[in-house]
Amino acid sequence: MPDGCLLAGNACPTWLEKGGAVFVSQESADHAIYSRVIEGRRYSAPVQMGNKSLDPVYCKRVLRQLKFTDEEIEKILAM
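So the mapping is simple: this note's numbering equals the position in the sequence shown, first residue as 1, plus 23.
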């Protein structure tokens with residue numbers, strides 16, 4: 024992810040879905056829960072939805088919480 028640039032708020036969930044994560048719920052207006060199953064274990068992460076832009080560091084943190092590898096992240100960003 025490029026350092027120092029902001030991403031559109033809807034870009035992070037799009038990347039998650041491209042990588043195989045699924046939307047679970049959105050109980051409040053500003054956070055949605057995404058989930059991913061790896062080797063029989065489920066990993067979940069809250070994702071901010073109300074912001075117009077998201078910091079790349081935040082998106083990478085969410086991807087890491089869902090156990091995406093460096094290779095998977097590069098592949099998602101190339102799509």
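Positions of the beta carbon are idealized from the N, C-alpha and C atoms, including for glycine.
- Under DSSP, residue 59 shares a beta bridge with 66.
- Around residue 96, the same chain offers 86 as residues with beta carbons nearer than 7 Å, after the five sequence neighbours per side are excluded.
- Looking at the DSSP output, residue 45 sits in a beta bridge with 58.
- Following the DSSP letters along the chain, one finds residue 101 inside the alpha helix (DSSP H) bounded by residues 93 to 101.
- The beta-carbon separation of residue 48 and residue 61, rounded to 20 Å, does not stay under the 8 Å limit for a contact.
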